[in-house]
Amino acid sequence: MNLAVNVAGITLKNPVMPASGTFGSGKEFSEFLDLNRLGAVVTKGVASVSWSGNPPPRCTETASGMLNSVGLQNPGVESFIRNDLEFLKNFNTNIIVNVCGHSISEYIDVVTALRDTPVHMLELNISCPNVAEGGMSFGTDCHMVEKVVSRVKKHCRQPLIVKLSPNVTDICEIAKAAESAGADALSMINTLLGMKIDVKRRNFSLAKKVGGLSGAAIKPIAVRMVYQVRRAVKLPIIGMGGIMTGEDAIEFLMAGATAVAIGTASFHTPTACIDVLDGIEVFMRRYNVPDVNDFGRMLESN
Amino acid sequence: MKMIVSEVIANDEIKSGFFNLLLKLSDNKLSDNLKPIPGQFVNLYFDTDMPLPRPISVCDFEDGVLRLVYQIVGKGTNLLSMKKPGEPLRLTYFLGNGFDITRAHGKILIVGGGIGVAPLFFLAKMMAGNNLEITVALGFASSGKIILAGEFEKLCNTYIATDDGSFGYKGNILDFIRSKNHFTDCHFIFACGPRPMLRALAESTSNSSYFKKPSSVQLSMEEHIACGIGACLCCPVAANENGNIIYRRVCADGPVFQADSLIWGGAS
Ligand SMILES: Cc1cc2nc3c(=O)[nH]c(=O)nc-3n(C[C@H](O)[C@H](O)[C@H](O)COP(=O)(O)OP(=O)(O)OC[C@H]3O[C@@H](n4cnc5c(N)ncnc54)[C@H](O)[C@@H]3O)c2cc1C
Ligand SMILES: Cc1cc2nc3c(=O)[nH]c(=O)nc-3n(C[C@H](O)[C@H](O)[C@H](O)COP(=O)(O)O)c2cc1C
Ligand code: FES
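Put into structure tokens, the structure is as follows:
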């Protein structure tokens, strides 16, 4: 049985990895699961300098999901290299660093600082607030995506994954812009913008008022978008959004993802990444699927 | 940190809306370093339609049996109240940084408000009998919401206040404390309860309006959590670090913080 997949020239021993921001840099979760078993570890967003993040409350539960407005709190790339990478490099897995910035030059500072480190891939989080454009996300405009990806790509030593925001009119247009700008892979989807109001307190549930929706509630949207983007571009896709079980993951693989990421599920079960991996294996054994890459060719009326 | 499926031994309503839950941590090979520290908590997990765990403090722990006391406030705690003896309940334990009682000496004051008294019971129990002069001051909305008072009384000197005066002192617990001279020279203060209570306590210990400088004031804080194990940064508390505001994690850096490290902001 083959579980290995290839994403932009990097071999992952299996297609399962945590989704950025839900797994820290793996240290806490390593008390519950063996990081060596993961196809990759994807870190939280890392910026050129420390970001303090948004005021609390930063999260709230919703029907089969949650909203978060962490605001990319992180200690900055230097501290990340000194502490988080120092920890992660001891494991036999691929390290993918999620890169954030308020401007193109901040993104470049991060990927430059990571050039000579044991990082295997970079994931560009283009859902960050673009300071020059009044805080609007980089990822919602094709020209902006093309500009940020092409400029950052020139400074990358590792393959560059571009993480797509679903908060757009046509995600295929954004995917094409990323592809033509030189992205090596895509990951999708980031959270959907949402809001919750606490009617008893007569207030917003999150201090920021709005936050990103994730969890099982968003899975049908994510699967649909992966399927559409699969047909629009050639790049390998890391699919995510509401994966809770092995069968959920297989849905993404059938829709056209090469690998999958597990986010909110890790909050519900700290061993979720491994449970999903085990679930994929059980499915493959039960239904006689010799190679995990076969799922992408299985949809009958493709 | 560890995850297990525990077994419900008992789940009884002790006052209207308040429950006493006993859980057998089926893993009976609990080594010493897996014993809880007062102030630590567990995450309780439900079905996937409720993806986030519910954090509940250790109220007591003995012979592999964990005691939790909780109040029904919403969906999760309501579901919890329907658990029957023998049913499984998945949890992760023991989480967070508890109260630091290693240096506790002299006159000690434990201040609790509402459901916040639950973790303080384990704290009082671990400190009682160590030649410490411990006083417990607990505030509740009304006599119908008083919990654990009788058990605290068996351990140490206990005072009760109710907002409506239906039992004990009439008023909030800080007014009660300030009405006595006895507590001004407390060395160690430990507290858990509603944010306005903790804030008022922090302020009256820092500006010496009532308390002379105690050596340590430790407050157990509450914030919504997502992972509950320190990874996601969803549970921040504003703290002061060398003059800069930084966000620290309730679930991993806390829930217990030194009062003088906290920043309270505008609204409480
Ligand atoms: C460290 C810590 C220890 C706690 N110890 C206890 C305890 O010993 N006994 C007890 O009764 N309660 C305790 N709480 C509060 C308890 O976690 C909440 O009452 C509970 O999560 C509410 O869940 P719900 O589904 O019933 O409410 P809902 O309002 O339906 O919950 C919706 C969401 O908001 C979160 N939430 C709601 N209220 C709170 C709150 N006050 N604090 C944190 N998250 C909240 C829930 O976890 C859930 O994610 C503690 C909280 C923390 C942070
Ligand atoms: C608390 C939290 C923090 C997140 N932080 C980041 C981040 O730093 N960078 C990023 O690209 N995506 C971040 N995400 C988005 C996730 O990586 C993922 O795209 C999204 O949650 C959908 O997957 P899920 O439904 O499995 O959680 C975050 C999500 C959550 C819930
Ligand atoms: S809830 Fe995730 S860090 Fe505290």
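Those sequence lines, one after another, are chains A and B. The first sequence runs 35 to 336 under my numbering. The second sequence runs 292 to 559 under my numbering. Idealized CB from N, CA, C, for every residue including glycine.
Opposite Cys542 (chain B) in the DSSP bridges: which residues? Paired residues: none, contrary to the question.
Cβ-based contacts, 8 Å cut-off: residues of the stretch 291 to 323 of chain A near chain B: Thr298, Ala299, Ser300, Phe301, His302, Thr303, Pro304, Thr305
Consider the C-beta atom of Ser248 (chain A) and the heavy atoms of ligand 2; say whether any pair is separated by less than 6 Å. yes
Report the residues of the stretch 228 to 258 of chain A with a CB closer than 7 Å to any CB of chain B, ordered along the chain. Gly249, Ala250
For Met318 (chain A), which of helix, strand or coil comes out of DSSP? helix
Within 7 Å (strictly less), CB to CB, does Gln549 (chain B) reach chain A? no
Considering only the alpha carbon of each residue, which of B:Lys504, B:Ala482, B:Val349 lies closest to Arg358 (chain B)? B:Val349
Using a C-beta cutoff of 7 Å, does Thr339 (chain B) count as contacting chain A? yes
Contained alpha helix (DSSP H) runs [length at least 4] in the stretch 130 to 183 of chain A, N- to C-terminal order: 138 to 147
Mind pulling the beta strand (DSSP E) runs of 3 or more residues that sit fully within the stretch 242 to 274 of chain A? 244 to 248, 271 to 274
State the Cα-Cα distance for the pair Leu240 (chain A) and Ser103 (chain A), rounded to the nearest angstrom. 7 Å
Using a threshold of 6 Å, is the CB atom of Cys523 (chain B) nearer than that to any non-hydrogen atom of ligand 5? As presented, the structure is devoid of ligand 5, carrying ligand 1, ligand 2 and ligand 3 as its sole ligands.
Is the CB of Ser93 (chain A) under 7 Å away from at least one CB in chain B? The displayed chain sequence assigns Cys, not Ser, to residue 93 (chain A). Yes, Cys93 (chain A) lies at the interface with chain B (some Cβ there is under 7 Å from its Cβ).
Who are the Cβ neighbours of Ile255 (chain A) in its own chain at under 8 Å, not counting the five residues just before and after it? Pro200, Ile223, Leu226, Gly275
By how many angstroms is the C-alpha of Phe301 (chain A) removed from the C-alpha of Gln362 (chain B)? 23 Å
What residues from the stretch 492 to 525 of chain B come within 7 Å of chain A, judged by C-beta to C-beta, listed N to C? Glu514, His515, Ala517, Cys518, Ile520, Gly521, Ala522, Cys523, Leu524, Cys525
For the alpha helix (DSSP H) holding Asp282 (chain A), just list the boundary residues, first then last. 280 to 289
Does the beta-carbon of Asn311 (chain B) have 16 or more other beta-carbons within 10 angstroms, so that it is buried, or is it exposed? buried
Proximal residues to Val508 (chain B) (C-beta, below 6 Å), its chain only, five neighbours per side dropped: Ile480, Thr496, Ala550
Using a cut-off of 8 Å between C-beta atoms, extract the partners of Asn102 (chain A) located in chain B. Ala517, Cys523, Cys525
Distance check for Gly521 (chain B) and Arg540 (chain B), CA to CA, integer angstroms please. 7 Å
Looking at the unbroken alpha helix (DSSP H) that takes in Met418 (chain B), where does it start and where does it end? 408 to 418
Is any heavy atom in ligand 1 found nearer than 6 Å to the beta carbon of Ala409 (chain B)? yes
Using a cut-off of 8 Å between C-beta atoms, extract the partners of Gly99 (chain A) located in chain B. Pro342
Between the Cα of Gly556 (chain B) and the Cα atoms of B:Glu494, B:Asp544, B:Ala452, which residue gives the shortest distance? B:Glu494
With distances taken Cα to Cα, identify the nearest neighbour of Gly60 (chain A) among A:Cys307, A:Lys188, A:Val294. A:Cys307
So, is the C-beta of Glu62 (chain A) closer than 7 Å to a C-beta in chain B? yes
In this structure, how does DSSP classify Glu120 (chain A) when only helix, strand and coil are distinguished? helix
Of all residues in the structure, which have a C-beta closer than 5 Å to any heavy atom of ligand 1, taken in chain order? A:Glu95, B:Phe332, B:Leu343, B:Arg345, B:Pro346, B:Ile347, B:Ser348, B:Tyr361, B:Gln362, B:Val364, B:Gly365, B:Lys366, B:Gly367, B:Thr368, B:Ile406, B:Ala409, B:Glu513, B:His515, B:Pro546
Quick one: what's got a C-beta closer than 8 Å to Val294 (chain A)'s C-beta in the same chain, skipping five residues either side? Pro49, Val50, Met51, Ile272, Gly273, Met274, Ile277, Ala283, Phe286, Leu287, Val310
Residues of chain B with CB closer than 8 Å to the CB of Ser86 (chain A), please, in chain order. Ile536, Ile537, Tyr538
In this structure, what does DSSP give as the bridge partners for Thr496 (chain B)? Paired residues: none, contrary to the question.
Please confirm if Met292 (chain B) has its CB atom under 7 Å from at least one CB of chain A. yes
Just reading off the beta strand (DSSP E) that Leu313 (chain B) is part of, what are its end residues? 309 to 315
Ligand 2 heavy atom lying under 6 Å from the CB of Val83 (chain A): no
Provide the residue span of the beta strand (DSSP E) that contains Glu207 (chain A), from first to last. Segment 205 to 214 is the alpha helix (DSSP H) holding Glu207 (chain A); no beta strand (DSSP E) there.
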